[in-house]
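Contents: one structure, followed by commentary.
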Amino acid sequence: MSSVMWIIVGVLFAIFLIMIPVQYRYIAALREDPRRQGVDQETFHKNMSFQEEQLHYSAQLWSLPSNMVASWIYNWRHRNKTKK
């Protein structure tokens, strides 16, 4: 593999690592949103404005691998709260 490829892989891996805490905070804020309490996910998304919905999808899909890892970490750290 050429050195340029290693640089590209290194930059993508760095972005992946940087985005995990960002996505974790986003997930935590989304779960604590008072508009979401007692409402299923479909209703929550239907009640969003178009701009907010587009921002949400962009934040979730742009860094999908980081989002998956952050979601796993969030669920693991808050597993006792969800069982109650």
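If you use our numbering, the sequence shown corresponds to residues 15 to 98, in order.
Cβ atoms here follow ideal geometry from the backbone N, Cα and C, with glycine treated the same way.
Query: For R39, which of helix, strand or coil comes out of DSSP?; Result: helix
Query: Scan the segment 43-94 and note each continuous alpha helix (DSSP H) run of 4 residues or more that stays entirely inside, going in chain order.; Result: 55-60, 64-76 and 78-91
Query: Excluding sequence positions up to five away, which residues of its chain have a Cβ less than 8 Å from the Cβ of R49?; Result: F58 and N61
Query: Suppose you measure from the CA of R91 to the CA of M82; what does that come to, to the nearest Å?; Result: 14 Å
Query: Under 7 Å Cβ to Cβ from P79, same chain only, skipping five residues before and after it: list those, please.; Result: F30
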